[in-house]
Amino acid sequence: MRRFLQELGLTFTVLLDKDGEVSDQYGVWGLPVSYIISRRGEFVGKARGDREWDSKEAKGFFRELLEKE
1122 MRRFLQELGL
1132 TFTVLLDKDG
1142 EVSDQYGVWG
1152 LPVSYIISRR
1162 GEFVGKARGD
1172 REWDSKEAKG
1182 FFRELLEKE
């Protein structure tokens, strides 16, 4: 995962919940589920299912989010 993030130039924190503790707390019922949290620790959004996080739109969304902070 670390290499993948580096290849894309992404620097946000990624949580891998292999034991399911966090998913239980958030009520995740299917995989994959992505939670987007701001630098201030605020919930920004949730995406269920596969996403093309390396798409132009997704990268633009995250750039915009980071610029706001």
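Quick note: the sequence shown uses the working numbering, first residue 1122, plus one each step.
Ideal Cβ positions, reconstructed from N, Cα and C, are used throughout, including at glycine.
Would you identify the three-state DSSP class for residue i, choosing helix, strand or coil?
{"i": "G1181", "result": "helix"}
{"i": "S1144", "result": "helix"}
{"i": "F1133", "result": "coil"}
{"i": "K1139", "result": "coil"}
Could you tell me the alpha carbon to alpha carbon distance between residue i and residue j, rounded to whole angstroms?
{"i": "S1159", "j": "W1150", "result": "23 Å"}
{"i": "E1163", "j": "E1128", "result": "26 Å"}
{"i": "D1178", "j": "G1166", "result": "Per the sequence shown, the amino acid found at residue 1178 is Glu instead of Asp. If I take the Cα positions, the gap works out to 15 Å."}
{"i": "E1173", "j": "S1155", "result": "12 Å"}
{"i": "L1126", "j": "K1180", "result": "12 Å"}
{"i": "K1189", "j": "A1168", "result": "20 Å"}
Per DSSP, which residues does residue i bridge with? Please list them.
{"i": "V1154", "result": "R1169"}
{"i": "F1164", "result": "I1158"}
Hey, residue i and residue j are a contact pair by Cβ (cut 8 Å); roughly how many whole angstroms apart?
{"i": "L1136", "j": "V1143", "result": "6 Å"}
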